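Everything below concerns the one structure shown next.
There are 6 protein chains.
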Amino acid sequence: LASDPSSLQDFCVADAKNSVLVNGLVCKDPKLAEANDFFSSGLQLAGNTSNAVGSSVTPVNVAQIAGLNTLGISIARIDYAPWGINPPHTHPRASEILTVLEGSLKVGFVTSNPENRLITKVLEKGDVFVFPVGLVHFQQNVGYGNAVAIAALSSQNPGVITIAHAVFGSKPDISADILAKAFQVEKNTIYNFQSKF
Amino acid sequence: LASDPSSLQDFCVADAKNSVLVNGLVCKDPKLAEANDFFSSGLQLAGNTSNAVGSSVTPVNVAQIAGLNTLGISIARIDYAPWGINPPHTHPRASEILTVLEGSLKVGFVTSNPENRLITKVLEKGDVFVFPVGLVHFQQNVGYGNAVAIAALSSQNPGVITIAHAVFGSKPDISADILAKAFQVEKNTIYNFQSKF
Amino acid sequence: LASDPSSLQDFCVADAKNSVLVNGLVCKDPKLAEANDFFSSGLQLAGNTSNAVGSSVTPVNVAQIAGLNTLGISIARIDYAPWGINPPHTHPRASEILTVLEGSLKVGFVTSNPENRLITKVLEKGDVFVFPVGLVHFQQNVGYGNAVAIAALSSQNPGVITIAHAVFGSKPDISADILAKAFQVEKNTIYNFQSKF
Amino acid sequence: LASDPSSLQDFCVADAKNSVLVNGLVCKDPKLAEANDFFSSGLQLAGNTSNAVGSSVTPVNVAQIAGLNTLGISIARIDYAPWGINPPHTHPRASEILTVLEGSLKVGFVTSNPENRLITKVLEKGDVFVFPVGLVHFQQNVGYGNAVAIAALSSQNPGVITIAHAVFGSKPDISADILAKAFQVEKNTIYNFQSKF
Amino acid sequence: LASDPSSLQDFCVADAKNSVLVNGLVCKDPKLAEANDFFSSGLQLAGNTSNAVGSSVTPVNVAQIAGLNTLGISIARIDYAPWGINPPHTHPRASEILTVLEGSLKVGFVTSNPENRLITKVLEKGDVFVFPVGLVHFQQNVGYGNAVAIAALSSQNPGVITIAHAVFGSKPDISADILAKAFQVEKNTIYNFQSKF
Amino acid sequence: LASDPSSLQDFCVADAKNSVLVNGLVCKDPKLAEANDFFSSGLQLAGNTSNAVGSSVTPVNVAQIAGLNTLGISIARIDYAPWGINPPHTHPRASEILTVLEGSLKVGFVTSNPENRLITKVLEKGDVFVFPVGLVHFQQNVGYGNAVAIAALSSQNPGVITIAHAVFGSKPDISADILAKAFQVEKNTIYNFQSKF
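Protein chains in written order, with full-length UniProt numbering: chain A, 1 to 197; chain B, 1 to 197; chain C, 1 to 197; chain D, 1 to 197; chain E, 1 to 197; chain F, 1 to 197.
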């Protein structure tokens with residue numbers, strides 16, 4: 001899927017200070033565009049994986065590089081502590097291609113209804129895997145040390161919907177009776193889940 | 001979001017018998033196209049809501065009307081028993097606009113990370129609500145009788161990812177250790193969820 | 001046809017008060033988006049069909065629901081008095097899928113040059129029919145009572161070109177000598193047509 | 001409007017002999033592509049304007065140049081006898097930019113409902129005018145001699161819907177009672193119109 | 001390739017005075033649109049070919065006709081002195097279809113790596129040729145007199161990258177050591193090339 | 001720029017054995033899709049930079065991963081020997097975002113006519129830079145050791161046009177008189193350039 005409109009000029013560097021909001025972002029004067037508008041640094045640094053899931057995502061999208069505006073692409077660095085996971089999530093506006101830089105990752109995605117087929121693979125350093133747009137997918141560090149991957153995504157602003165947070169951690173909460181019926185459990189179980197997020 | 005490519009001819013009626021598979025579907029000879037290729041019937045009939053969630057979706061997309069191929073739109077009828085729900089799900093390839101034909105529905109959608117804001121509303125007969133592409137959304141019958149809605153979707157084949165089924169009911173299962181960490185519960189709780197789907 | 005660009009954020013609720021005009025509409029601050037931005041009411045009410053054609057179209061597009069901006073879809077309710085018609089028209093920016101809620105409708109569309117083939121069908125309650133983007137189409141109530149339909153369209157702003165009004169009722173008029181030659185009739189016949197619109 | 005999907009390879013020369021039909025056309029082996037696939041001749045020749053409207057359109061689209069497949073553009077030469085017209089029509093899949101090579105043309109287009117505003121201009125040799133996608137437009141030779149124009153269109157297969165032919169000349173006819181109500185005239189007047197096409 | 005987003009209204013005439021910059025251009029109030037917004041003149045006039053390459057391009061794109069904004073098309077007139085060339089260049093955002101109005105042109109384009117196949121043809125008056133989006137292409141006047149062509153392009157703002165100017169005439173210069181290695185020549189040869197542009 | 005059409009199903013794994021050619025590639029039966037269709041390996045291995053330019057590009061696009069078909073993204077590993085360059089080139093169908101994994105790179109791109117502005121930057125490990133679609137760009141290893149980068153591109157098949165090869169190494173050659181005039185040098189200089197490719 002190509003979720004971004006086409007360019008109508010050489011580039012349209014996002015003007016973050018402009019109060020006018022459009023689909024994507026308005027541009028700064030192209031004469032004022034400079035190399036730093038197309039640049040970011042720091043992706044050599046490991047993210048902090050000391051959290052509940054043992055992983056960290058460092059995005060490099062239009063929020064970090066203004067020059068990505070209208071260009072239909074972005075990347076992210078993902079760090080995984082041993083047994084850390086990038087929990088099941090979707091990107092509503094992008095497909096993803098993931099490259100393992102270090103370590104071993106078990107990855108997978110699930111097809112839509114009615115099959116809900118899980119397609120899964122263990123990746124080693126130098127392996128590449130694809131997650132089609134909008135499908136639920138995840139990664140798990142299955143090696144002995146840290147793991148690192150680079151993900152490229154087909155949108156300047158792919159969006160992330162972490163299933164656990166969207167379903168059990170929304171603000172305000174989705175009614176427990178809805179979730180109890182959806183997951184076919186007691187409401188108390190839902191309350192327990194909701195207390196975590 | 002407009003998730004379908006543009007038409008390059010008046011229409012491209014899907015040729016379901018052709019073994020060649022493309023993005024979308026190949027077309028039958030336009031000279032052989034007839035009114036029935038653009039037609040389906042039966043949407044006046046209530047779906048069977050005698051199931052765990054108390055709802056039923058009757059789709060009318062390119063699988064039901066071959067003439068929808070390349071046209072970027074489809075619809076569905078949704079029936080809800082009292083307190084029935086259309087459980088949290090996403091459409092990876094379409095936005096949705098829902099019209100209540102009968103009854104009262106509580107509807108909502110959740111924005112992507114990091115806000116995960118729940119935007120919710122109770123709808124009555126004649127009310128219309130929009131679910132943006134790719135976001136988790138749901139409906140619940142909150143009236144005393146049955147409820148009926150028509151949903152229109154911005155793709156010939158929007159796809160449905162029911163969260164409960166994709167996460168806890170995939171074939172094969174997503175590893176319980178991944179889900180236990182993602183939802184921050186014991187593995188036994190995950191096994192219990194997985195046994196339901 | 002998918003006539004709208006793709007979304008570059010979860011949603012872009014139209015800011016009708018902003019004086020800056022773009023392809024589509026500029027967005028309000030997403031933090032200020034609320035449920036009512038994705039909502040409209042009143043579609044249970046019949047339109048007033050006491051007019052020359054005996055029909056009424058109640059649109060629900062981006063002008064009624066600001067949240068439809070960038071989402072590529074809209075709907076309309078159409079009411080038909082007995083023998084009322086929705087006269088021949090085109091949507092320059094959308095395909096349409098029509099569902100009959102009540103009554104009987106004769107519907108049809110005409111393919112482009114050189115065939116100009118009329119594809120037509122009589123629909124009953126619960127029947128669904130498709131009108132491909134840009135083609136001339138119409139509906140006629142052929143039952144004994146009122147008829148009601150819901151039309152879904154593949155654009156936030158599909159546009160309507162009613163042939164009679166565009167050709168014989170433009171402001172100012174198209175020169176009668178052009179129309180006389182186009183329709184191969186006397187100029188006086190054209191003047192007569194023009195006097196009606 | 002850009003009504004064609006993007007290219008996914010250098011070119012995709014249409015293979016007219018292939019029985020598989022898709023949105024657009026399937027490609028021949030790119031190794032067999034040759035200069036003639038991107039070429040046509042004869043546009044220096046005037047079309048035959050000895051017909052009821054006094055004009056002739058010589059198209060150069062994907063039907064004439066197989067190499068236009070997937071490229072989103074086509075052209076046409078239009079010849080006009082004195083007082084000849086290119087009658088009111090729409091292109092369902094393309095905007096048009098017209099250049100006058102010889103003579104004087106009155107041109108115009110009509111906006112969609114509810115304004116139906118006619119925007120019109122007299123053009124001389126070397127003048128250029130734009131007709132937005134899907135809108136009803138026309139040209140009339142208002143000079144003393146023949147006129148010639150080149151039209152460029154934003155689709156490999158823009159389609160043409162001549163209003164008179166689509167409305168009064170479809171095969172089979174649109175019911176006279178529908179057209180009588182649409183144009184607010186007697187059925188006999190409609191029969192008269194239909195007899196011309 | 002169709003490099004422009006779709007229209008979301010009848011037209012979006014560019015408002016050149018507005019300081020807000022977007023992908024494409026913001027629109028003026030449609031009520032203020034007038035015929036001159038869709039019009040330009042002067043294309044009957046030959047360009048001045050008294051320059052190093054013996055050719056002249058007169059563009060008619062969104063910079064000349066504000067009404068082309070969002071419509072995905074533009075044109076240009078090209079004049080060639082005897083033996084004049086339109087030097088090798090690419091359009092990053094458009095395919096091109098060229099019609100010879102006067103004279104004889106040798107034209108060609110080169111496919112991408114690894115084939116780099118040159119597809120070439122000599123065109124006479126009335127001949128038409130296609131240059132697929134993004135590929136290097138050129139024309140040369142091979143007749144005895146002047147030559148004239150009309151080029152139509154599938155973007156409101158196709159862009160032009162003249163290879164000689166982009167590679168040897170950028171401001172500032174690309175380092176001579178990079179170009180020397182790229183073209184496998186001495187740095188002095190590169191300095192010589194750079195001195196020309 | 002998003003140069004690929006949108007997905008109309010969860011995925012459309014390319015069927016390389018099918019003789020039917022389309023824009024992109026036809027799909028294999030989705031029931032037969034398996035993890036290996038979304039996978040490739042070997043990107044941890046350095047490419048062979050013992051060549052005239054001292055660099056090597058290892059692509060991972062739809063030719064290597066069939067599952068990338070219709071998904072609008074691909075990547076490549078680029079290796080650079082000391083002072084090696086990735087010579088000036090364009091991608092006709094993709095924007096690029098480049099991440100330095102090892103070493104120091106001088107990178108740059110040149111805007112289109114008439115400015116031909118060079119925007120350039122020296123990158124270190126962990127730095128990221130963007131090259132907008134269709135623009136001429138390059139990289140040069142300016143460190144003491146080897147350099148490695150990962151490039152992500154916004155198309156399943158971005159295409160590469162190496163300027164030196166397209167202009168001086170096409171098969172057959174572009175006429176020397178055309179190139180001599182384009183680069184404003186003697187034909188003998190052109191013959192010399194052509195002998196290198």
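Ideal Cβ positions, reconstructed from N, Cα and C, are used throughout, including at glycine. This structure is a prediction, so every number in the text was calculated from the model and none was measured.
Chain-ordered residues of the stretch 70–89 of chain C with a beta carbon less than 9 Å from chain A:
T70
Pairwise C-alpha distance: N113(C) and R77(A)
Within the first sequence, residue 77(A) is the residue found at index 77, counting from 1. Within the third sequence, residue 113(C) is the residue found at index 113, counting from 1. Roughly 54 Å between the two C-alpha positions.
Sorted by chain position, which residues of the same chain lie with C-beta nearer than 8 Å to V62(A)'s C-beta, five sequence neighbours on each side aside?
Here residue 62(A) refers to the residue found at position 62 of the first sequence. A14, G24, L25, L68, N69, S74, Q156 and N157.
Write down every uninterrupted run of the beta strand (DSSP E) in the UniProt domain "Cupin type-1" (41–191) of chain F whose length is 3 residues or greater and which is fully enclosed by it, in chain order.
55–60, 74–80, 85–90, 96–102, 105–110, 118–123, 128–131, 136–141 and 147–153
What's the C-alpha gap between L98(D) and A152(E)?
On the fourth sequence, position 98 is the one that residue 98(D) refers to. On the fifth sequence, position 152 is the one that residue 152(E) refers to. Spanning the two alpha carbons is a distance of roughly 10 Å.
DSSP-derived helix/strand/coil call for L25(E)
If you number the fifth sequence from 1, residue 25(E) lands on position 25. In this structure, L25(E) counts as strand in the three-state DSSP scheme.
Between the alpha carbons of D79(D) and V57(D), how many angstroms are there, rounded?
Here residue 79(D) refers to the residue found at position 79 when the fourth sequence is read from its first residue. Here residue 57(D) refers to the residue found at position 57 when the fourth sequence is read from its first residue. For D79(D) and V57(D), the distance between alpha carbons rounds to 7 Å.
Less than 6 Å between C-beta atoms, sequence neighbours within five positions excluded: which residues of the same chain meet that for Q194(E)?
Indexing the fifth sequence from 1 puts residue 194(E) at position 194. For Q194(E), where only same-chain residues beyond five positions count, the Cβ hits under 6 Å are F168 and D173.
Buried versus exposed call for K181(D) [16 or more other C-beta atoms within 10 Å across all chains shown]
Taking the first residue of the fourth sequence as position 1, residue 181(D) is located at position 181. When all chains shown are included, K181(D) counts as buried.
Just list the residues that DSSP pairs F11(C) with in beta bridges.
To locate residue 11(C), count along the third sequence from 1; it is residue 11. F11(C) pairs with nothing; no bridge assigned.
Let's test the definition: count the other Cβ atoms within 10 Å of the Cβ of G103(B) and tell me whether it reaches 16, buried, or not, exposed.
Translated into positions along the second sequence, residue 103(B) becomes position 103. So G103(B) counts as buried.
Min CB distance L32(F) to chain A below 8 Å
Position 32 of the sixth sequence, counting from 1, holds the residue named residue 32(F). By this cut-off, L32(F) is not an interface position.
For F39(B), which beta-bridge partners are listed by DSSP?
Residue 39(B) sits at position 39 when you count from the first residue of the second sequence. The partner list for F39(B) (beta bridge, DSSP) reads F129(C).
Chain A beta carbons: is any one of them nearer than 8 Å to that of L1(C)?
The residue you call residue 1(C) lines up with position 1 of the third sequence. Here the model assigns L1(C) a pLDDT of 33, short of 50, so the residue's position is not dependable, and the following value carries that caveat. Not an interface residue.
E186(D) beta carbon less than 8 Å from that of F131(D)
Position 131 of the fourth sequence holds residue 131(D). Position 186 of the fourth sequence holds residue 186(D). No, the pair does not count as a contact, with Cβ atoms beyond the cut-off.
Under 8 Å, Cβ to Cβ, is there at least one residue of chain C near H165(D)?
Reading the fourth sequence from its first residue, position 165 is the one you call residue 165(D). It does; some Cβ of chain C falls within 8 Å.
Establish whether the CB of V138(C) and some CB of chain D are separated by less than 8 Å.
Position 138 of the third sequence, counted from the start, is the residue given in the question as residue 138(C). Note on identity: in this sequence residue 138(C) is Phe, with Val being the wrong assignment. It does; some Cβ of chain D falls within 8 Å.
In chain order, what residues of the same chain have a beta carbon less than 6 Å from the beta carbon of A16(B), not counting five sequence neighbours either side?
Numbered from 1 along the second sequence, position 16 holds the residue referred to as residue 16(B). No residues qualify anywhere along the chain.
Thinking just about the alpha-carbon of each residue, which of S40(A), A33(A), V22(A) and Q44(A) is nearest to the one in S6(C)?
Looking up residue 6(C) in the third sequence gives position 6. Comparing Cα positions, the closest option is V22(A).
Which chain F residues are close to A35(A), counting only those with a beta carbon under 7 Å from its beta carbon?
Taking the first sequence and counting its residues from 1, one reaches residue 35(A) at position 35. I119, T120 and K121, listed in chain order.
Quick one: using the 10 Å Cβ neighbour count with 16 as the cut-off for buried, is T111(D) buried or exposed?
Translated into positions along the fourth sequence, residue 111(D) becomes position 111. So T111(D) counts as buried.
What separation, rounded to the nearest whole angstrom, lies between the Cα atoms of P87(B) and F138(B)?
The residue you call residue 87(B) lines up with position 87 of the second sequence. The residue you call residue 138(B) lines up with position 138 of the second sequence. Their backbone Cα atoms lie some 5 Å apart in a straight line.
Residue of T120(F), I178(F), Y144(F) and V53(F) minimising C-alpha distance to K171(E):
Mapped onto the fifth sequence, residue 171(E) falls at position 171. Here the closest residue by C-alpha is T120(F).
To the nearest angstrom, how far is it from the Cα of Q44(B) to the Cα of F11(A)?
In the second sequence, residue 44(B) corresponds to position 44, counting from 1. In the first sequence, residue 11(A) corresponds to position 11, counting from 1. Whole-angstrom Cα-Cα distance: 51 Å.
Report yes if the C-beta distance between A46(C) and V100(C) is below 8 Å; otherwise report no.
In the third sequence, counting from the first residue as 1, residue 46(C) sits at position 46. In the third sequence, counting from the first residue as 1, residue 100(C) sits at position 100. Contact: no.
Looking only at its chain, what residues have a beta carbon closer than 7 Å to the beta carbon of G159(A), apart from the 5 residues adjacent to it on each side?
Counted from its first residue, the first sequence places residue 159(A) at position 159. Within the same chain, G159(A) has close Cβ partners H91, P92 and R93.
Which bits of chain B does L153(D) rub up against, with CB to CB less than 8 Å?
As a first step, residue 153(D) is located in the fourth sequence; it is residue number 153 there, counting from the start. Simply none; closest approach about 13 Å.
Going by other Cβ atoms of all chains shown within 10 Å of its Cβ, with 16 needed for buried, is V20(B) buried or exposed?
For the purposes of this step, residue 20(B) is identified with residue 20 of the second sequence, where counting begins at 1. With 16 or more Cβ atoms within 10 Å of its Cβ, V20(B) is classed as buried.
Where does residue 209(E) sit, in a helix, a strand or coil, going by DSSP?
Any question about residue 209(E) goes unanswered here, given that chain E covers just 1 to 197.
Could you compute how far the alpha carbon of L1(E) sits from the alpha carbon of L135(E)?
In the fifth sequence, the residue the question calls residue 1(E) occupies position 1. In the fifth sequence, the residue the question calls residue 135(E) occupies position 135. Note that L1(E) has pLDDT 33, beneath the 50 cutoff, so the model's placement of it is unreliable and no number is given.
Could you give the distance in angstroms between the alpha-carbon of Q64(B) and the alpha-carbon of V128(F)?
Residue 64(B) sits at position 64 when you count from the first residue of the second sequence. Residue 128(F) sits at position 128 when you count from the first residue of the sixth sequence. Distance between the alpha carbons of Q64(B) and V128(F) is about 47 Å.
Distance, V60(C) Cα to G42(B) Cα
Residue mapping note: residue 42(B) aligns to position 42 of the second sequence, counting from 1. Residue mapping note: residue 60(C) aligns to position 60 of the third sequence, counting from 1. Cα to Cα, the separation comes out at about 25 Å.
Same chain, Cβ closer than 8 Å to E34(A), five either side skipped, listed in chain order
Counting from 1 along the first sequence, the entry for residue 34(A) is found at position 34. Taken in chain order, the list of residues that qualify is empty.
Between A180(E) and chain D, is there a C-beta pair that is closer than 8 Å?
Looking up residue 180(E) in the fifth sequence gives position 180. No, its Cβ sits nowhere closer than 8 Å to a Cβ of chain D.
Spatial neighbours of I161(F) within its chain, please: C-beta separation below 8 Å, excluding the five flanking residues on both sides.
Within the sixth sequence, the letter at position 161 stands for residue 161(F). Contacts found: H89, T90, H91 and P92.
With a cut-off of 8 Å, does the C-beta of V62(E) fall near any C-beta of chain I?
Considering every chain present, this structure includes no chain I. Its protein chains are A, B, C, D, E and F.
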